[in-house]
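Engineer:
In UniProt numbering, the protein residues as written are 1 to 394.
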């Protein structure tokens, strides 16, 4: 057993309608002026204003920044930080999916300590507590409300940089299932499978511990039982709540056990081709699962029974059954069949040929190898292995 330690120093509120507790949480933090960081979709839906009104009703000033793209950039962090500092706000509300939360964490660092977010890339470079932060997730997938990571795209390098520090953890996380019942099926699918992969990679990581295993197993159980149901009907609140809690547990699991080759490889795909993070993970998962099967020591059987619609007995199970079950799940929820299809669905400039994508594989693999997740993948990997996996995923 690996030596391990853990602390979960956050205050987490789960329940329908719990967004109404935002003013109460703000007051517990001593906040008098909120800065809401969100996306344009939630702004258009009126949800940002709804959150702002609840705060103003309790005498709390509010400003917001909602110009956040998927796969947010260093430039966006700079713009949001400037707006935060100009507002005079004393705490941040991260409202949305992984992108607003990544930006909110980055703003919390740069607004407090200065410089560029690029200066904090890597592990434990944040010198202390950041601007107080409350997280309200509107997707069941990233787990960002309970993770110590901020992932930001540096377009100057076509690279997704990661800031890792437990100082990034939001002081409060409020999980209100009513906030995810309007998600499109495609978003529910991409986010849901991303949450499952967080748990799956944490579970087979060489850095796993009994604590992270407990979180990962419960996450996979909740997600496996509910992802098809939630994608089919996002207004199924019971399924929505299960997905949110599953995503939460998965986020805690990988905060302590890290991830693996899937996430190491998906970040360059998003950086080079702007593929949504969850989709990039999903199309890479079966290929990486097949590669990692050689290192399995009984965990694939457990994972299989969490997601398969057809249970298996241990004496009849083979690791490739999990690979097939993953492909079946991804197909059922509408994930693209391969990497080429995913890149072209995300493309904004017309069709991209497989040959053009292949030209980027060496550079993407080099970037993937910079990820600390490669080191804890259950099967050791060289750059040539990562290049091979990208080609198989095409």
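Even for Gly, the Cβ is constructed at its ideal location relative to N, Cα and C.
Determine the contact status of residue 153 and residue 234, defining contact as a CB-CB distance below 9 Å.
Structural biologist: For residue 153 and residue 234, no; Cβs fall outside 9 Å.
Engineer: Please name the residue, chosen from 276, 15 and 387, that lies closest to residue 187 on a Cα-to-Cα basis.
Structural biologist: Closest by alpha carbon: 276.
Engineer: Name the residue from 237, 242 and 211 whose alpha carbon lies nearest to the alpha carbon of residue 224.
Structural biologist: Comparing Cα-Cα distances from residue 224 to each of 237, 242 and 211, the minimum goes to 242.
Engineer: Going by alpha carbons, who is nearest to residue 388 out of 371, 205, 196 and 364?
Structural biologist: Selected option, being the one with the closest Cα: 364.
Engineer: Find out if the Cβ-Cβ distance for the pair residue 161, residue 279 is shorter than 9 Å.
Structural biologist: No, the pair does not count as a contact, with Cβ atoms beyond the cut-off.
Engineer: Taking the C-alpha atoms as reference points, what is the distance between residue 16 and residue 394?
Structural biologist: Taking the straight line joining both Cα atoms gives about 41 Å.
Engineer: Assign residue 310 to buried or exposed, taking buried as 16 or more other Cβ atoms, counted over all protein chains shown, within 10 Å of its Cβ.
Structural biologist: The residue in question, residue 310, is exposed, as its Cβ has fewer than 16 Cβ neighbours within 10 Å.
Engineer: Flag this pair as touching only if the segment 262-276 and the segment 163-173 have three or more C-beta atom pairs under 8 Å; answer yes or no.
Structural biologist: The segment 262-276 vs the segment 163-173: no contact.
Engineer: Output needed for residue 148: all residues of its chain with C-beta closer than 7 Å, excluding positions within five of it in sequence on either side, in chain order.
Structural biologist: Around residue 148: 164, 165, 166, 168, 169 and 255.
Engineer: So the alpha helix (DSSP H) residue 159 belongs to, where does it begin and stop?
Structural biologist: No alpha helix (DSSP H) contains residue 159, which is instead part of the beta strand (DSSP E) from 159-164.
Engineer: Whose CA, out of 295, 321, 316 and 315, lies closest to the CA of residue 307?
Structural biologist: Cα-wise, what sits closest to residue 307 is 321.
Engineer: Quick one: is residue 378 buried, meaning 16 or more other Cβ sit within 10 Å of its Cβ, or exposed?
Structural biologist: Result: buried.
Engineer: Rounded to whole angstroms, what is the Cα-Cα separation between residue 191 and residue 20?
Structural biologist: Approximately 24 Å, taken between the alpha carbons.
Engineer: My output table needs one value for residue 73: the three-state DSSP class, helix, strand or coil.
Structural biologist: Strand.
Engineer: If you draw a straight line from the C-alpha of residue 368 to the C-alpha of residue 294, how long is it?
Structural biologist: Approximately 21 Å between the Cα atoms of the pair.
Engineer: How far does the beta strand (DSSP E) with residue 151 in it reach, from first residue to last?
Structural biologist: Its beta strand (DSSP E) spans residues 149-154.
Engineer: Alpha carbon to alpha carbon, how far is residue 375 from residue 339? Give it in angstroms, no decimals.
Structural biologist: Taking the straight line joining both Cα atoms gives about 24 Å.
Engineer: Given this structure, state the Cα-to-Cα distance separating residue 118 from residue 128, to the nearest angstrom.
Structural biologist: Cα to Cα, the separation comes out at about 17 Å.
Engineer: Among residues of its own chain, excluding the 5 on either side of residue 185, which ones have a beta-carbon nearer than 6 Å to its beta-carbon?
Structural biologist: 231.
Engineer: According to DSSP, is residue 297 helix, strand or coil?
Structural biologist: Coil at residue 297, not helix or strand.
Engineer: Where do the N-terminal and C-terminal ends of the alpha helix (DSSP H) with residue 11 fall, by residue?
Structural biologist: Element bounds for residue 11: not the alpha helix (DSSP H) but the beta strand (DSSP E), 11-14.
Engineer: May I have the straight-line CA-CA distance separating residue 52 from residue 391, to the nearest angstrom?
Structural biologist: Roughly 47 Å separates the two Cα atoms.
Engineer: Am I right that residue 107 and residue 37 are in contact with their C-beta atoms under 8 Å? What's the rounded C-beta distance?
Structural biologist: About 7 Å; that satisfies the 8 Å criterion.
Engineer: Alpha carbon to alpha carbon, how far is residue 32 from residue 218? Give it in angstroms, no decimals.
Structural biologist: Going from the Cα of residue 218 to the Cα of residue 32 covers about 37 Å.
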